[in-house]
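Enquirer: Please read through the structure below; I'll follow up with questions.
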Amino acid sequence: MNFLAHAYLSFGEPKILIGNFIGDFVRGPIDTIYEKEIVIGVHLHREIDRFTDTHPVVKGAQALLKPQFGRYASVITDMYFDYFLGRYWNNYHTQNLDEFAQDVYKVIDSYEDILPENFLKAYQYMKYYNWLYAYSEIEGIRRALTGISKRTRFDSKMENAHIFLDENHEVLRQHFGDFFDDLVRFSKQKLSILKAEI
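Going by this note's numbering, 76 is the number at position 76 of the sequence shown; the sequence numbering is gapless.
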C-alpha cells in the first residue's frame, strides 16, 4: 500500500504513524534508535506490505495490469488503491480528507528532528504537492506515476497508467473494496499483537 493507506492504518496514533511512514526508509536495529511506539509502527508497516503482497485479491488486480505494465504492476496497484481510498474516503473516515492530510503533515513535522534523511527528501515533495489528497484524483495519480516512470530503469509505461485506471475503474474499484476491509481487520489485529510483543 502507499502513503495514504499507511496513514489511515495508523488509526490516529501519532508515533505509530511515524513508524508506519518510515518503514521503507530504515534498516538495522531500529529498537536502539527509536522509541517503542515508533518501532511498532515500522513493524506494522512491514506487516501491512507483506499482507498486501500475498493477498489473492491484490494478486488478481496485479494480473490485470501485468500484460501492459509487467514488473511495475505491483507499484501501480499500490497507487491505484491509494486513489480508491482517497476517492471513497467518506466511506472509511469521518474527517474530511484534506483536513486528515494536513493533520498527518503536522504530526510528521513535529518529529522532523528524528526522521531519516532519505525519508525527509521524499516528504518535502509529499507535503508540497499534498500527495495524500492529490492521490484521490486521476490527475494526481497521473502526475505521480509519470514522475515515477522517469526514474525507472526500464520502460515502465507508468505515464499511461492513469488511462488504464480510467478505462478499468469499476473492476479495479471492486478489487480494492474486496481487499481493503480485510486489510483493516488484519492491521487492527496485528497492531494489538505488536503492542503486546514489543
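Quick reminder that beta carbons are idealized off the backbone N, C-alpha and C, glycines included. Since the model is a prediction, treat every value here as computed from it, not as a measurement.
Determine the DSSP secondary structure at Phe186, reduced to helix, strand or coil.
Expert: In the structure shown, Phe186 sits in a helix (DSSP, three-state: H, G or I).
Enquirer: Beta-carbon separation of Glu159 and Thr146 under 8 Å?
Expert: Their beta carbons are under 8 Å apart, which means Glu159 touches Thr146 by this criterion.
Enquirer: Should Ala196 go down as buried or exposed, given a rule of 16 or more other Cβ atoms within 10 Å for buried?
Expert: Ala196 should be labelled exposed.
Enquirer: I'd like the span of the alpha helix (DSSP H) that includes Glu167, first residue to last.
Expert: Ala161 to Glu167 is the extent of the alpha helix (DSSP H) around Glu167.
Enquirer: Could you give the first and the last residue of the continuous alpha helix (DSSP H) run that contains Gln102?
Expert: Residues Leu97 to Ser110.
Enquirer: Using 8 Å for Cβ pairs, my map puts Val42 next to Ile22. What's the rounded Cβ distance?
Expert: Confirmed, Cβ separation roughly 7 Å.
Enquirer: Does His175 come out as helix, strand or coil in the three-state DSSP assignment?
Expert: His175 falls in the helix class under three-state DSSP.
Enquirer: For the region 164 to 181 and the region 80 to 87, state whether three or more C-beta atom pairs, one from each stretch, are separated by less than 8 Å.
Expert: With the cut-off at 8 Å, the region 164 to 181 and the region 80 to 87 touch.
Enquirer: What does the alpha-carbon distance come out to for the pair Ala61 and Phe119?
Expert: Looking at the two C-alpha atoms, the distance is approximately 28 Å.
Enquirer: Under the three-state reduction of DSSP, which class applies to Ser149: helix, strand or coil?
Expert: Three-state DSSP puts Ser149 in a helix.
Enquirer: Could you check how far apart the C-beta atoms of Ile148 and Val75 are, in whole angstroms? I think they sit under 8 Å.
Expert: With a Cβ gap of about 7 Å, Ile148 and Val75 count as contacting.
Enquirer: Would you report the Cα separation of Met126 and Tyr88, rounded to the nearest angstrom?
Expert: Their Cα atoms are separated by approximately 20 Å.
Enquirer: With Leu17 and Val104 assumed to form a contact (beta carbons below 8 Å), what rounded beta-carbon distance in angstroms separates them?
Expert: Correct: roughly 7 Å between the Cβ atoms.
Enquirer: Using 10 angstroms around the beta-carbon of Ala201, count the other beta-carbons present and answer buried if the total reaches 16, otherwise exposed.
Expert: Because the chain in this structure spans residues 1 to 198, residue 201 falls outside the shown range and cannot be described.
Enquirer: Is the beta carbon of Tyr135 less than 8 Å from the beta carbon of Ile141?
Expert: The answer is yes: Cβ separation under 8 Å.
Enquirer: What is the DSSP secondary structure of Asn20, counted as helix, strand or coil?
Expert: Note: Asn20 maps to helix in three-state DSSP.
Enquirer: Which residue spans inside the region 41 to 106 form an unbroken alpha helix (DSSP H) run of at least 4?
Expert: DSSP runs (the alpha helix (DSSP H)) wholly in the region 41 to 106: 56 to 69 and 73 to 87.
Enquirer: Apart from the five residues on each side of it in sequence, which residues of its chain come closer than 6 Å, Cβ to Cβ, to Phe51?
Expert: So the qualifying residues of the chain are Phe186.
Enquirer: Which of helix, strand or coil does DSSP assign to Asn130?
Expert: Looking at Asn130 - three-state DSSP - the assignment turns out to be coil, as it is neither helix nor strand.
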